[in-house]
Amino acid sequence: MSLSSRRTFLTGAAALSGTALFPRFTLADTALPILRARLSTAQLAPIGYPATPVWAYATEGAGVIPGPEIRVMAGERIRRQLVNDLPQPTATHWHGIRVENAMDGAAPLTQPPVPPGESFDYDFAAPDPGTYWYHSHDRGFEQVARGLAGPLIVEDREPWLGEPGAATRELTLVLDDWLLDADAAIVEDRWDDLHAAAHGGRMGNTVTVNGAAYPDLDMRPGERVRLRLINTATARIMPLALPGLLPRLIALDGHPVPPREVDTMLLGPAQRADVVIDMPLDPEVRTVLLLDPGNGEWVDVAAFVAAGEPLAPIEVELRPLPAWGTLPAPNLADPQHEVLLMEGGAMRGMLDIRYQGEVMDFRELASNGMVWAFNGVAHGMNEPMFRAALGRTVHLEMTNRSMFPHAIHLHGHHFEILARSGALNTPGDVRDTVMIGADETLEIAFVADNPGRWMLHCHMLSHQAAGMMGWFEVA
Ligand code: C2O
Ligand code: CU
Numbered sequence: 167m168s169l170s171s172r173r174t175f176l177t178g179a180a181a182l183s184g185t186a187l188f189p190r191f192t193l194a195d196t197a198l199p200i201l202r203a204r205l206s207t208a209q210l211a212p213i214g215y216p217a218t219p220v221w222a223y224a225t226e227g228a229g230v231i232p233g234p235e236i237r238v239m240a241g242e243r244i245r246r247q248l249v250n251d252l253p254q255p256t257a258t259h260w261h262g263i264r265v266e267n268a269m270d271g272a273a274p275l276t277q278p279p280v281p282p283g284e285s286f287d288y289d290f291a292a293p294d295p296g297t298y299w300y301h302s303h304d305r306g307f308e309q310v311a312r313g314l315a316g317p318l319i320v321e322d323r324e325p326w327l328g329e330p331g332a333a334t335r336e337l338t339l340v341l342d343d344w345l346l347d348a349d350a351a352i353v354e355d356r357w358d359d360l361h362a363a364a365h366g367g368r369m370g371n372t373v374t375v376n377g378a379a380y381p382d383l384d385m386r387p388g389e390r391v392r393l394r395l396i397n398t399a400t401a402r403i404m405p406l407a408l409p410g411l412l413p414r415l416i417a418l419d420g421h422p423v424p425p426r427e428v429d430t431m432l433l434g435p436a437q438r439a440d441v442v443i444d445m446p447l448d449p450e451v452r453t454v455l456l457l458d459p460g461n462g463e464w465v466d467v468a469a470f471v472a473a474g475e476p477l478a479p480i481e482v483e484l485r486p487l488p489a490w491g492t493l494p495a496p497n498l499a500d501p502q503h504e505v506l507l508m509e510g511g512a513m514r515g516m517l518d519i520r521y522q523g524e525v526m527d528f529r530e531l532a533s534n535g536m537v538w539a540f541n542g543v544a545h546g547m548n549e550p551m552f553r554a555a556l557g558r559t560v561h562l563e564m565t566n567r568s569m570f571p572h573a574i575h576l577h578g579h580h581f582e583i584l585a586r587s588g589a590l591n592t593p594g595d596v597r598d599t600v601m602i603g604a605d606e607t608l609e610i611a612f613v614a615d616n617p618g619r620w621m622l623h624c625h626m627l628s629h630q631a632a633g634m635m636g637w638f639e640v641a
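According to my numbering, the sequence shown is numbered sequentially starting from 167.
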């Protein structure tokens, strides 16, 4: 068919179907699976309490907590039309996925927020296997706290489940933390509570596992299970333990680690851990997921209940996850050196910080809702923290000069932990979100191989809103 006759054909077809105003791609776009952000309710508090009004993601029908699981094979595309049925603008970020910049959902840096009643088409490849999540990235301190978060699983490139020494089943556990009142409603009058923002953030009082308080999870005796643990809380750091289950860590933030036995795990906001457990053969042995709410008193947040026929225990040594094979190794011989200094918060404060181009004292900053800074700048969105040439290795030295831990997240990249002064991290681990304790210094490195403007912020979302926010540019 010649070019001119094809054009004639298209014009004719469009005219016939009455869609002359809409180019063909609009028709294709409407075929994207829907991810709707909407008002809903969920039974978050234990039975006997009322259901909680939430903001939640839905495929069709009611929104669910956590949001509907998105699952693809490594390398496949994730395609979703976000439809905003909320009373506020919103955007969806695919946390940890090395997406192309325009699909990152980091409003307002990579896209304008989607107004109520409108939609945005996300269509991108998910290159790396692992445990991820998606969440609102506009007014996250409110929208994520109201429920806009869900699991995103990218399956292994080579078979792992069911192979010798591997788990036979996997189970995703989305851990969240809610600030509820006596009627189980979300406390709504403190979104910009500066006191909380200057401390550990807006801490909740109800921890849920897959959207339920203290659920019972059916497990077969003797079964080896891969748990995909995701902390979607906006502020709570979760120390976790799985006593009697021989937990072995196999991945952090989606990236495999050589299997290692762990007594306890520390999951900061937005962090993930994949852990293999072996259920006891004796169905009478009670096993639970324990969480330390911050006072050293471990509490059960979920129980594993023996159900079904016992499985013969797997004696073979635990099989590591297949390597990603997709992440370039940092070139540490000649990196670009950058620093990230974290300052502010209660009990330390900060001096002479720039906010929107003006130097301010602590009081003036606080009257603008700012109590934190990166490199002397609060909420530095006007210009990048640094620029890196495409393909260059960036060595970033991060120092926390505040009295509070932070969970620092880089968009669009995963980074290797090189050295640390504290006890929280193991050098060699590859992550997208890293915890850094009070007065600690941590060195990381990554290849800036993803072009665009990428946010870098604390994932304690009230810290992010109160100044711990910036971006870097790769070009
Ligand atoms: Cu999990 Cu900037 O995001
Ligand atoms: Cu923080």
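Built from N, CA and C at the ideal position, the CB exists for glycine as well.
Buried is the label assigned to A211, since at least 16 other Cβ atoms lie within 10 Å of its Cβ. In the pairwise beta carbon analysis, the region 250-260 is classified as touching the region 299-306: at least three pairs are separated by under 8 Å. Rounded to the nearest whole angstrom, the C-alpha separation of D448 and R368 is 41 Å.
DSSP, read as helix, strand or coil, puts G306 in helix. Between the alpha carbons of G578 and V451 lies a gap of roughly 43 Å. Beta-bridge partners assigned by DSSP to S285: V249.
Here V482 is not bridged, per DSSP, to any residue. Shortest gap from the CB of M621 to any heavy atom of the ligand C2O: under 7 Å. By the neighbour-count criterion, in which 16 or more other beta carbons inside 10 Å mark a residue as buried, G262 falls on the buried side. Inter-segment contact for the region 356-370 and the region 412-428 is absent: fewer than three beta-carbon pairs are separated by less than 8 Å.
The three-state secondary structure of F540, taken from DSSP, is strand. Taken through DSSP and simplified to helix, strand or coil, E427 comes out as strand. In this structure, the beta-carbon distance from I200 to V249 falls below 8 Å. If you draw a straight line from the Cα of H561 to the Cα of A555, it comes to about 13 Å. Bounds of the alpha helix (DSSP H) holding F528 are F528 to S533. Relative to the ligand CU, H629 has its C-beta within less than 7 Å of a heavy atom.
Here L412 is not near L337, since their CB atoms are 8 Å or more apart.
In the structure shown, S628 falls within a helical segment according to DSSP collapsed to helix, strand and coil.
Residue nearest to R246 within the set R402, S285, F470 and I396 is S285 (criterion: CA-CA distance). Taking each of N534, V230 and V220 in turn and checking the Cα distance to A311, the smallest one comes out for V220. The ligand CU has no heavy atom closer than 7 Å to the beta-carbon of M239. It is roughly 21 Å from the alpha-carbon of T599 to the alpha-carbon of F290. Within the same chain, Cβ atoms closer than 6 Å to the Cβ of S206 are found at V220, A222, A228 and G229, the five residues on either side in sequence being excluded. The shortest CA-to-CA distance from P479 to any of P387, T374 and A469 is the one to P387. With contacts defined by Cβ atoms closer than 8 Å, T276 and L627 do not form a contacting pair. In this structure, the CA atom of E549 is about 11 Å from the CA atom of M621. Within the model, the alpha-carbon separation for V320 versus P234 is close to 14 Å. When the beta-carbon positions are compared, L318 and W344 stay at least 8 Å from each other. Contact check for R414 and V428: beta-carbon distance about 7 Å, within the 8 Å limit, so the pair qualifies. Exposed is the label assigned to I213, since fewer than 16 other Cβ atoms lie within 10 Å of its Cβ. The nearest non-hydrogen atom of the ligand CU is 7 Å or more from the C-beta of M404. If you check the C-beta of H301 against the ligand C2O, you find a heavy atom less than 7 Å away. N497 has no beta-bridge partner at all, per DSSP.
Just measuring C-alpha positions, the residue of A439, A272 and T372 sitting nearest V353 is T372.
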